[in-house]
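These notes are about the structure you will find just below.
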């Protein structure tokens, strides 16, 4: 019986890490686009008058995350499977 769990698990973990990084990047970009600044101590988006700017996750961002997760999971699992076959 072949062990196919390791490549799939690695693909999912890599894709989740990339989405975690991408989420932080996109939220920082949206904060700067809204005229705010990121307070790195509290990790909040602050306006010039020191009010917190609420940033919601849009539907488009969720679609991007799903596509990234599916694509990276598939690519990483196939790459690992081919590396272990050699």
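Numbering (my numbering), first residue to last: 14 to 99.
Quick reminder that beta carbons are idealized off the backbone N, C-alpha and C, glycines included.
Collapsed DSSP secondary structure at residue i in the structure displayed
| i | result |
| --- | --- |
| residue 66 | coil |
| residue 14 | Unreliable positioning characterises residue 14 in this predicted model, as indicated by a pLDDT of 39, which lies under 50. The coordinate reading is nonetheless provided below. DSSP places residue 14 in coil when its eight states are reduced to three. |
| residue 86 | helix |
| residue 9 | Here the chain comprises residues numbered 14 to 99, so residue 9 is not present and cannot be evaluated. |
Boundaries (first-last residue) of the beta strand (DSSP E) holding residue i
| i | result |
| --- | --- |
| residue 50 | 50-52 |
Residue from the options with nearest C-alpha to residue i
| i | options | result |
| --- | --- | --- |
| residue 86 | 24, 53, 62, 19 | 24 |
| residue 27 | 74, 45, 89 | 89 |
| residue 69 | 62, 42, 61 | 42 |
The alpha helix (DSSP H) enclosing residue i, as first and last residue numbers
| i | result |
| --- | --- |
| residue 47 | It is not in any alpha helix (DSSP H) - residue 47 carries neither H nor E in the DSSP assignment. |
One or two residues paired with residue i in a DSSP bridge
| i | result |
| --- | --- |
| residue 59 | 50, 65 |
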